[in-house]
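Following: one structure in structure tokens, then a few remarks.
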Amino acid sequence: MIKNDMKLKLEKGRKKVLDAIKEHNGTTLLSTGITGDDARMAKAAVDAGAKLLEPNHPALALARGYKGVNNMDDAEQVRHEIKLEQMLEAAHGVRQVVGEDIFITIGVPGGFTEVMPVVLSDEDFMNIAKSGVDALHTHKSSVEDLKEWVEKAHSFGLLVDAYIGMPTDKHIFGVPAETPEEVARVAKEMEAVGVDFIGMMTGMSYEGVKGGEIHPFMKARLEALVGAVSVPTIAEGGINKGNFKAFKEVGINILVIGTALDNIAAKAIQLEVKEFLK
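With the numbering used here applied, the sequence shown covers 7 to 284.
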């Protein structure tokens, strides 16, 4: 009854991403953190040229100070307690402010490998779609779970961006793969089950790395990802004004920037408040 409607929704969302990548010469920005959850900051990012936004439940936990968390690491521990309705309210508000032409992917409880498992119903998926978002930002930790998630998301017109992580990551942020060979294999498996955009968590230590460069270990993983699939690729974690050009040179299509923007905003507020109090 609605299969073609959902197919058209998928095509519209995919076009937004491909158009942004083309407009920004092969590598675009996905703005998250406060620019994904706060409609005012989302509009500021869009007014500056951002075409992709990401509200997610860990960032919302941090923004709301849920259970007193004041850093993203602690927010990850309680992200599953954020209600789906809270995320949809935030995403819907952002959509109303930025308009229909902006791509929005959303991280919701149940979409990650949660501290406490969260199961979403068909009604939940429909409500996500009705909130105005284009995609689900996902961190499932097995291709089997990912396949089921993709099939369900696609049936409700939602694209899926999913990630590859390291087996040693503090938090589980995707299907684990360590060597470049494993990255390539896992990426191909993810593409085969229908993942629309494949990302890699890159927030590792940059100790001993020259300014503006990527650690050789991580660079080899990124190159393996880019070379293995035909869908758009994503890098997230540790990306800032100092090193983002190195990520572009690897060929990554989408750079996720959250903490770097949050820190810039916090610093600007601190400086301005000090000026007012002089």
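Glycine residues also receive a C-beta, built at the ideal position from the N, C-alpha and C atoms. This one's a predicted model, so the numbers in the text were calculated from it and none came from an experiment.
- Put simply, the backbone Cα of ALA252 is about 6 Å away from that of GLU219.
- Considering only HIS145, GLU129, THR185, the residue with the shortest C-alpha distance to SER161 is GLU129.
- Remark: C-beta atoms of ASN246 and ILE263 approach each other more closely than 9 Å.
- In the structure shown, HIS145 falls within a strand segment according to DSSP collapsed to helix, strand and coil.
- In the three-state reduction of the DSSP assignment, GLU120 falls in the coil class, being assigned neither a helical nor a strand state.
- Scanning the region 40-69 from its first residue to its last, the whole alpha helix (DSSP H) runs of 4-plus residues come out as 40-43, 45-53.
- Around the CB of GLU281, fewer than 16 other CB atoms lie within 10 Å, so the residue is classed as exposed.
- Sixteen is the threshold: when 16 or more other Cβ atoms of the shown chains lie within 10 Å of the Cβ of SER137, as they do, the residue is buried.
- In this structure, the CA atom of HIS145 is about 19 Å from the CA atom of ILE258.
- Residue range 239-242 is occupied by the beta strand (DSSP E) that includes GLU242.
- Per DSSP, the beta bridge partners of GLY171 are PRO182.
- Note on PRO64: 16 or more other CB atoms within 10 angstroms of its CB, so buried under the neighbour-count rule.
- Pairwise C-beta distances place the region 37-56 in contact with the region 94-104, as three or more of them are shorter than 8 Å.
- Residues VAL124, LEU126 of the same chain have their beta carbon placed closer than 6 Å to that of GLY116, with the five preceding and five following residues left out of the count.
- Per DSSP, ILE270 lies in no beta strand (DSSP E) segment; the continuous alpha helix (DSSP H) that holds it begins and ends at 265-282.
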